[in-house]
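Step one of this worksheet: look at the structure below.
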Amino acid sequence: MNIREICKEAKRIGISGHVRPDGDCVGSCLGLYLYLQKLFPKKEIKVFLEKPADIFSCIKGYDEINILEDNMPEEAPFDVYFALDGRKDRLGRAEELFESAKIKVNIDHHISNAGGCGDHNYVEPDASSTSELVCDLVEEEMLDKDIATALYTGIVHDTGVFRHSCTSPKTLRTAAKLIGFDIDFPRLIEETFYEKTYVQNQIMGRALLESILIMDGKTIVSCIDKKTMDFYQVTSKDLEGIVSQIKLTKGTECAVFLYEIGTLEYKVSLRSTEKVDVAKVAEMFGGGGHVRAAGCTMNGTFHDVINNLSLHIEEQLEGTSA
Ligand code: AMP
Ligand code: MN
Ligand code: MN
C-alpha cells in the first residue's frame, strides 16, 4: 500500500479508529495524521474519534481530534477515509463518514477482519498492532519524534509493553527504530501504561476481590456493575488493564472481565494464555479481536453472559470444539 499515491489527488482526508479507543487506536490515528500533515501541508486532514483517555494527551495532535460524542460531523464526503485498528462496523458514528468517502482505506491487524473493508486494505493479523503497520507505510525520511511517539505508544499498548505473543522480531526492530528519535519512552510507558489513578486502583481492587475461578481454576471471571462504576465515579476508560491483571492469576488459561454498559448489556473482554482462541469465542457473539485478546458486547444478566461464554470456552479447553 502506498499512502502517498492513494492520497495524491485528495483534497479532504479523514481518519478514524474503533469505538472506546485504546492506545493502539489513538497512536495509529495520530501517527498517520501527523505523517499526512507533513506529507500534504495544504490538504484538509481530520481525525474523528470517541474521546480518548487524557493519558494520551502527550501525543502531538491529541487536541486536534474531533470528538465524536461532541459534534456529529455534518461533513461533506471525504475524498479518502482511513479506518484504523478495526472493521468499519467498529467505527461508531464515524462509520458513515467512511461509507460516504470516495476512497476507503482499511489498516488493521485483527484476525476477525479478514480481507479488510476498504478499497485499499493493509490487514496483517500477525502484526502486533496497527501502529506497527502504519510505521511500515511511513517512509523512513518522513519519520520524526512526534510520529515516533504516537506509533511507539500504540505498539507498547497492544503488546502489553512487548510481552504478549504478538511481539515479533519485526515489532522490536520497529520499536528500536522509533526510540532512535530520542523519545522519552520510560516516561511514556510509565504514564500511559502502568500509572493508575487512585480510583482506578480501587476499582481494580474490587474486580480482583470479587473475581471467581471456574472450570477447575482454568478460567477467572470478574464483573463491575454500573452501580459500582457510579460509586467510584469512573468510566469505561478507567477499567483498562483489569482483564490483564486478573489474567495473571496462576493456573488460569482464560480471563473474562465484564462491565455493565446498559441495562442487561455488558462489554466483555477476553484474554487467554494458550489453549483458548478467544477471537473465536467473541465472534460467536458478534465481536472479534485476536486469538489471545478479544472482545464483544452481550445482553442478559451477568449469569446469562457467563453461562453463554463458558460453554464455548469449556468446549475449547476440553478440546471438543470443531
Ligand atoms: P478489549 O477486551 O476491549 O481490550 O479488546 C481486546 C481486543 O479485541 C482488541 O484488539 C479489540 O480491538 C478487539 N475487540 C474488542 N471488542 C471487539 C468487537 N466487538 N469486535 C471486534 N473486535 C473487538
Ligand atoms: Mn485497538
Ligand atoms: Mn490494535
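Going by this note's numbering, the letters in the sequence shown line up with residues 1414 to 1735, in that order. Every residue, glycine too, gets a C-beta built ideally from N, C-alpha and C. Small disclaimer: the values here were computed from a predicted structure and weren't measured.
- Are the Cβ atoms of Gly-1427 and Lys-1459 separated by less than 8 Å? Going by C-beta atoms, Gly-1427 is nearer than 8 Å to Lys-1459.
- Query: When we look at the beta-carbon of Ile-1616 and count the other beta-carbons within 10 Å, is it buried (16 or more) or exposed?
  - Reply: buried
- Query: Taking the C-alpha atoms as reference points, what is the distance between Glu-1537 and Cys-1709?
  - Reply: 21 Å
- Task: Identify, in the order they occur along the chain, each residue of the same chain with its Cβ nearer than 7 Å to the Cβ of Leu-1677, setting aside the five sequence neighbours on each side.
- Result: Asn-1712, Gly-1713 and Thr-1714
- Query: Under the three-state reduction of DSSP, which class applies to Asp-1485: helix, strand or coil?
  - Reply: It is worth fixing the name first, because residue 1485 is Met in this sequence and not Asp. Coil, per DSSP.
- Query: Glu-1653 to Lys-1688, Cα distance in whole Å?
  - Reply: 24 Å
- Among Ser-1649, Leu-1462 and Ile-1472, which residue has its Cα nearest to the Cα of Lys-1558? Ile-1472
- Query: How long is the line joining the alpha carbons of Tyr-1535 and His-1523, rounded to whole angstroms?
  - Reply: 11 Å
- Query: Per DSSP, which one or two residues make a beta bridge with Thr-1676?
  - Reply: Bridge partners of Thr-1676: none, in fact.
- Near ligand 3: Ser-1542 beta-carbon under 7 Å from a heavy atom: yes
- For Glu-1666 versus Lys-1631, is the C-beta spacing smaller than 8 Å? yes
- Residues sharing a beta bridge with Leu-1683, DSSP: Val-1669 and Ala-1707
- Item | Completely contained alpha helix (DSSP H) runs for the stretch 1578 to 1648, where each covers 4 or more residues | Entirely contained in the stretch 1578 to 1648, the alpha helix (DSSP H) runs reaching 4 residues are, in chain order, 1582 to 1592, 1598 to 1602, 1611 to 1622 and 1639 to 1645.
- Task: Just grab the DSSP bridge partners of Val-1536 for me.
- Result: Asp-1521
- Straight-line CA distance for Asp-1595 to Glu-1463? 30 Å
- Message: How far does the alpha helix (DSSP H) with Glu-1731 in it extend, from its first residue to its last?
- Response: First-last for Glu-1731: undefined, no H or E at that position.
- Cα-Cα, which of Gly-1531, Glu-1552, Phe-1598 and Val-1547 is closest to Thr-1764? Outside the shown range of the chain, which is 1414 to 1735, sits residue 1764, and nothing can be said about it.
- Task: Please go through the same chain and pick out, in chain order, the residues whose beta-carbon is closer than 6 Å to the beta-carbon of Ala-1735, but skip the five residues on each side of it.
- Result: Since pLDDT at Ala-1735 reaches only 48, below the 50 mark, its modelled position is unreliable, and no value is offered.
- Query: Quick one: Cα of His-1533 to Cα of Ile-1625, how far?
  - Reply: 44 Å
- Glu-1418 lies in the alpha helix (DSSP H); which residues open and close that run? 1416 to 1420
- Task: Let me have the residue list for ligand 1: C-beta closer than 5 Å to any non-hydrogen atom, ordered along the chain.
- Result: Ser-1682, Gly-1700, Gly-1701, Gly-1702, Ala-1706, Ala-1707, Gly-1708 and Cys-1709
- Task: Put Gly-1702 into one of helix, strand or coil per three-state DSSP.
- Result: DSSP, read as helix, strand or coil, puts Gly-1702 in strand.
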